[in-house]
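Quick notes on the structure that follows.
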Amino acid sequence: MKKLYYLFGLSFIWIILDQLSKYFITIKMDLYQSINIIEPYIKITYIYNKGAAWGILNNQLYIISLIGILVLIYIIKYLYKIKDQLTIPLVIAFSFLLGGLIGNLIDRLFLGYVIDFIDILIFNYNYPVFNLADCFIVIGTILIIIIFIRSDTNERYSKRRN
């Protein structure tokens, strides 16, 4: 149970970082304003996103919010189910995922849109503008996949040795 407290505490830190970054952008920049950081590769561009990733389900606030809430409930129930098997890497991974999900959910529920501002050009592809919560979701998801793949691989290796 103690690891769950750490997980929720870390999630809270990611939520605070996400919300503070968005707040800072909204008070320091005008909507649609861009500031070059490393031209032309990295910019800060303040936009509203009324959809999900890549603008999917644009203007479908209720559907996206409902999906977010259901995913959040499922993850929390799952975490309580596996609380005795939680490892430190899983605590860190799920904290990123929860922090990101909740960070964007706060925006959707209180603002009706998500504030995005990280604007990156990679190999001549102008990636959709995103935020820290999106980064946390991706980091958490990748870590969880790696942890489960390694765990499954280790389990199969152990069975072969016996």
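Every letter in the sequence shown is one number past the one before it in our numbering, and letter 9, counting from 1, is 9.
Beta carbons: idealized from backbone N, C-alpha and C, even for Gly.
Here DSSP, grouped into helix, strand and coil, assigns PHE8 to helix. ASP30 carries a coil assignment under DSSP once its states are collapsed to helix, strand and coil. The Cβ atoms of GLY140 and PHE94 lie closer than 8 Å to each other.
Exclusion of the five residues before and after LEU90 leaves ILE147 as the residues of its chain whose Cβ lies within less than 7 Å of its Cβ.
Beyond the five residues adjoining it in sequence on each side, GLN33 comes within less than 6 Å, by CB distance, of TYR46 in the same chain, given in chain order. Bridge pairing for LYS43: ASN36, ASP119 [DSSP]. Following the DSSP letters along the chain, one finds ASN104 inside the alpha helix (DSSP H) bounded by residues 88–111. The segment 11–30 makes contact with the segment 113–133; the number of CB pairs closer than 8 Å reaches 3 or more.
8 Å or more divides the Cβ of ILE69 from the Cβ of ASP119. Of the residues LYS77, LEU72, ASN126, the one whose Cα lies closest to the Cα of ILE106 is LEU72. In this structure, the CA atom of TYR6 is about 20 Å from the CA atom of VAL138. Taking C-alpha positions only, LEU31 is separated from TYR48 by approximately 8 Å. A buried status is given to ILE64, since no fewer than 16 other beta-carbon atoms sit within 10 Å of its beta-carbon. The beta carbon of LEU143 lies closer than 8 Å to those of PRO89, ILE92, ALA93, PHE96 in the same chain, with the five residues before and after it left out. Between ILE15 and GLY103, the CB-CB gap stays under 8 Å. Residue burial annotation: PHE123 is exposed, with fewer than 16 other C-beta atoms found within 10 angstroms of its C-beta.
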